[in-house]
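Asker:
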Amino acid sequence: MDKSDRRRRPFAFDKMEGLVREMKDEETGVRVKSQKLFLTSIPSAFAGYNIIEWLMDRLTVDETEAVHIANMLCQYGYFFPVNDSKTLTLKDDSSLYRFQIPYYWPCSQKNPDNVEYAIYLSKRLLRNKQRHALEDYEMVNIHFLYKHKIL
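The sequence shown lines up with residues 1 to 151 when you count with the UniProt record's numbering.
Structure (structure tokens):
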């Protein structure tokens, strides 16, 4: 990202990114490891209470503030819940979360081109229809892409 792009985005993204980079630090960050969930192993995951404790220690804030900050980071897409993909909230319990790769962070996002969006929608269509069904606006968009020979 060049300097002109950095000037156009809100300063809050710089703050959030810095905090998330600290969280991802292997020595001083949130403890990330393979976690067991029923009979499966989830690689590179952490529990909700781990991130709350880390924020309380690092920022010297109380629990409600740490939960609020963690929820904001989750809603901006810096990490996501492993089990519940519909609600982007962090729970202060043993629910599992994973860090999003920096390519998908809001600051690095450019508008995706039609081909990337078409690939994303096509993959969603190939999955289980009930759980990963396309939203109405996504169906409109995929029909538009088919109509204009992008797919």
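C-beta atoms are modelled at their ideal positions from N, C-alpha and C, and glycine is treated no differently. Computed from a predicted model, the values in this text were never measured in an experiment.
For D2, count the other beta carbons within 10 Å of its own beta carbon; 16 or more makes it buried, fewer makes it exposed. Which is it?
Answerer: In the sequence shown, residue 2 corresponds to position 2, counting from 1. Because D2 sits at a pLDDT of 49, beneath the cut-off of 50, its placement in the model cannot be relied upon, and the following sentence gives the value as read from the coordinates. Exposed, by the Cβ-count rule.
Asker: Just verifying my parser: in three-state terms, what is the DSSP assignment at T60?
Answerer: Sequence index remark: in the sequence shown, residue 60 carries index 60 (1-based). Residue state, collapsed to three classes: coil.
Asker: Residues in the same chain with beta-carbon distance under 6 Å from L90, minus the five sequence neighbours each way, listed in chain order, please.
Answerer: Taking the sequence shown and counting its residues from 1, one reaches residue 90 at position 90. Closer than 6 Å at Cβ, skipping near neighbours: G48, A70, N71 and C74.
Asker: Could you name each continuous alpha helix (DSSP H) segment of 4 residues or more that falls completely within the region 123-148, going from the start of the chain to the end?
Answerer: Correct list: 136-147.
Asker: Which partner residues of I101 appear in the DSSP bridge assignment?
Answerer: Residue numbering aside, residue 101 sits at position 101 when the sequence shown is read from its first letter. Answer is none; I101 lacks a bridge partner.
Asker: List the whole-angstrom C-beta distance separating A45 from R98, where the pair is believed to meet the contact cut-off of C-beta under 8 Å.
Answerer: Position 45 of the sequence shown, counted from the first residue, corresponds to residue 45. Position 98 of the sequence shown, counted from the first residue, corresponds to residue 98. The Cβ separation is near 5 Å, so the contact holds.
Asker: Might you give, ordered along the chain, the residues of its own chain that have their beta carbon closer than 7 Å to the beta carbon of V30, omitting 5 neighbours on each side?
Answerer: The residue labelled residue 30 in the question sits at position 30 within the sequence shown. Excluding sequence neighbours, V30 sits near M23, F46, N50, I51 and W54.
Asker: Quick check: the Cα distance between L94 and P10, rounded to an integer number of angstroms?
Answerer: Indexing the sequence shown from 1 puts residue 94 at position 94. Indexing the sequence shown from 1 puts residue 10 at position 10. The sequence as given places Ser at residue 94; Leu does not occur at that position. Each residue's alpha carbon lies about 33 Å from the other.
Asker: Which residues in the same chain have their Cβ closer than 7 Å to the Cβ of G77, if we skip the five residues on either side of it in sequence?
Answerer: Here residue 77 refers to the residue found at position 77 of the sequence shown. The answer, listed in chain order, is Q100, Y104, W105 and P106.
Asker: How many whole angstroms separate the CB atoms of I142 and L121, which I take to be in contact at a CB cut-off of 8 Å?
Answerer: Residue mapping note: residue 142 aligns to position 142 of the sequence shown, counting from 1. Residue mapping note: residue 121 aligns to position 121 of the sequence shown, counting from 1. Between L121 and I142 the Cβ distance is about 5 Å, and since that is below 8 Å, they are a contact.
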